[in-house]
Amino acid sequence: MGQAKTGAFIFICALGLVWQYRGFALRVCLPIYLLAFAIDTWLRLQVMGEITRGPLQWHVNDPYVGAPEKGASLSQILTIWAVWLSSLIAIAIVWHRHVLGAHGVGPIAPLRPSLPLLYLAKLLGAWSLAIIPFSLFFGIFFAMISPSAFLDPESAHNPPLMGLIMFSLPGVVMGWGIMRLSLALPEAAIGQNGSIFNSWRITRAVAGALWVTAVLETALFAAISYLGDGVAAFDIRMAYLVENLTWFVPAMAGVAILTLLYEDLYHRCPVSDDGASSD
3 MGQAKTGAFI FICALGLVWQ YRGFALRVCL PIYLLAFAID TWLRLQVMGE ITRGPLQWHV
63 NDPYVGAPEK GASLSQILTI WAVWLSSLIA IAIVWHRHVL GAHGVGPIAP LRPSLPLLYL
123 AKLLGAWSLA IIPFSLFFGI FFAMISPSAF LDPESAHNPP LMGLIMFSLP GVVMGWGIMR
183 LSLALPEAAI GQNGSIFNSW RITRAVAGAL WVTAVLETAL FAAISYLGDG VAAFDIRMAY
243 LVENLTWFVP AMAGVAILTL LYEDLYHRCP VSDDGASSD
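Each step along the sequence shown adds one to the number in my numbering, with nothing skipped, and position 37 is 39.
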């Protein structure tokens with residue numbers, strides 16, 4: 003029960019941190035996010051002539067609702083993924099630097115061109131260690147227990163519970179792994195050369211609590227996905243708009259979780275209300 007309370011507390015505090023610095027989030031982070039969203043929308047319209055909910059389609063039989071007749075090439079899909087990744091890295095860096103600086107955590111090195119590359123290297127390292135092994139494991143696991151669900155998660159023959167498990171279980175496990183490995187990211191954002199392996203060691207003390215935090219973060223993503231499903235039943239373009247705009251909330255919550263954990267575990271100075279309620 004103690005670990006569950008701690009994990010929920012971490013998640014609630016992360017949302018509280020986003021609210022505390024909502025002015026900075028709306029004034030600085032949101033425009034960066036909206037720029038990536040605008041490029042995404044433009045590319046979909048240019049390539050396919052239609053807005054779709056999911057990643058740019060490979061072919062006409064893509065399971066996404068409203069898939070157009072013309073798919074996107076691999077280079078075009080990688081381009082839009084690079085746009086979103088660059089956007090999220092920029093948001094994370096400016097957020098970490100602003101909040102940690104406001105809380106007196108440092109030293110914070112001057113912002114230099116190599117800093118985003120350092121952040122990207124740490125991010126790819128953490129993601130590779132957390133996502134690749136778990137993706138292989140869950141891919142083999144689901145293919146063994148339910149081949150039809152693995153090959154066609156959207157099939158009407160699959161029970162709804164299976165779709166929920168296939169979406170939620172890998173998300174929780176990989177989210178937990180990413181949080182364990184990613185405290186080097188706030189460190190990189192302020193110009194310090196941290197280690198993802200040291201992050202794993204430091205977060206051992208809250209490893210149990212982070213399972214609960216990962217469940218809550220995954221639930222937030224799932225809620226937005228189900229919201230999009232509901233809106234898509236009436237208007238696919240509105241579903242695309244609703245989903246993409248609301249993804250900003252869990253993205254900011256994820257960045258805030260790393261900020262809180264880094265500040266607490268590395269500097270032993272838990273976040274408190276310092277009066278900067280909207281800066």
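We put the CB at the ideal spot given by N, CA and C, even for glycine.
Could you check if residue i belongs to the surroundings of the ligand SAH, using beta carbon to heavy atom distance under 6 Å?
{"i": "leucine 47", "result": "Looking at this structure, you won't find the ligand SAH or any other ligand, since it has none at all."}
To the nearest angstrom, how far is the alpha carbon of residue i from that of residue j?
{"i": "cysteine 31", "j": "tyrosine 121", "result": "17 Å"}
{"i": "proline 70", "j": "isoleucine 226", "result": "Legend: pLDDT at proline 70 = 46, less than 50; position of this residue unreliable, value from coordinates given subsequently. Taking the straight line from one Cα to the other gives about 23 Å."}
{"i": "isoleucine 79", "j": "phenylalanine 199", "result": "31 Å"}
{"i": "threonine 43", "j": "alanine 84", "result": "14 Å"}
{"i": "valine 49", "j": "leucine 76", "result": "12 Å"}
{"i": "glycine 106", "j": "arginine 239", "result": "44 Å"}
{"i": "aspartate 266", "j": "valine 244", "result": "34 Å"}
{"i": "aspartate 64", "j": "threonine 81", "result": "With a pLDDT of only 46 at aspartate 64, under the threshold of 50, the placement of this residue in the model should not be trusted; the figure read from the coordinates follows. Distance between the alpha carbons of aspartate 64 and threonine 81: 19 Å."}
{"i": "serine 201", "j": "glycine 193", "result": "16 Å"}
{"i": "tyrosine 264", "j": "valine 233", "result": "37 Å"}
{"i": "leucine 229", "j": "tryptophan 86", "result": "21 Å"}
{"i": "proline 33", "j": "alanine 10", "result": "29 Å"}
{"i": "histidine 269", "j": "aspartate 231", "result": "42 Å"}
{"i": "glutamate 189", "j": "isoleucine 133", "result": "21 Å"}
{"i": "arginine 182", "j": "alanine 209", "result": "7 Å"}
{"i": "proline 109", "j": "threonine 8", "result": "28 Å"}
{"i": "asparagine 195", "j": "alanine 241", "result": "41 Å"}
{"i": "isoleucine 91", "j": "leucine 47", "result": "25 Å"}
{"i": "glycine 103", "j": "tyrosine 23", "result": "13 Å"}
{"i": "leucine 1", "j": "isoleucine 93", "result": "Because the chain here runs from 3 to 281, residue 1 falls outside it and cannot be looked at."}
{"i": "valine 214", "j": "isoleucine 204", "result": "18 Å"}
{"i": "methionine 254", "j": "alanine 191", "result": "15 Å"}
Specify, as a first and last residue, the run of the alpha helix (DSSP H) that residue i falls within.
{"i": "tyrosine 242", "result": "238 to 248"}
{"i": "leucine 212", "result": "209 to 234"}
{"i": "serine 89", "result": "76 to 104"}
{"i": "proline 109", "result": "Per DSSP, proline 109 belongs to no alpha helix (DSSP H) and is neither H nor E."}
{"i": "serine 201", "result": "198 to 204"}
{"i": "leucine 187", "result": "186 to 191"}
Answer yes or no: do residue i and residue j have a C-beta to C-beta separation smaller than 7 Å?
{"i": "alanine 38", "j": "serine 89", "result": "yes"}
{"i": "tyrosine 35", "j": "phenylalanine 250", "result": "yes"}
{"i": "alanine 186", "j": "alanine 16", "result": "no"}
{"i": "serine 170", "j": "threonine 248", "result": "no"}
{"i": "leucine 212", "j": "phenylalanine 13", "result": "no"}
{"i": "alanine 216", "j": "glycine 177", "result": "yes"}
{"i": "threonine 261", "j": "histidine 100", "result": "no"}
{"i": "alanine 128", "j": "serine 184", "result": "yes"}
Should residue i be labelled buried (16 or more other beta-carbon atoms within 10 Å of its own) or exposed?
{"i": "phenylalanine 236", "result": "exposed"}
{"i": "leucine 19", "result": "buried"}
{"i": "isoleucine 95", "result": "buried"}
{"i": "proline 172", "result": "buried"}
{"i": "proline 112", "result": "exposed"}
{"i": "serine 130", "result": "exposed"}
{"i": "asparagine 246", "result": "buried"}
{"i": "valine 62", "result": "Confidence at valine 62 is low in this model, with a pLDDT of 44, below 50, so the placement of that residue should be treated as unreliable; the coordinate-derived value is given next. Label assigned to valine 62: exposed."}
{"i": "isoleucine 180", "result": "buried"}
{"i": "proline 135", "result": "exposed"}
{"i": "glycine 25", "result": "exposed"}
{"i": "alanine 27", "result": "buried"}
{"i": "leucine 126", "result": "exposed"}
{"i": "alanine 40", "result": "exposed"}
Counting only C-beta atoms, is residue i closer than 7 Å to chain D at any point?
{"i": "valine 251", "result": "The chain inventory of the structure shown lacks chain D, comprising one protein chain alone."}
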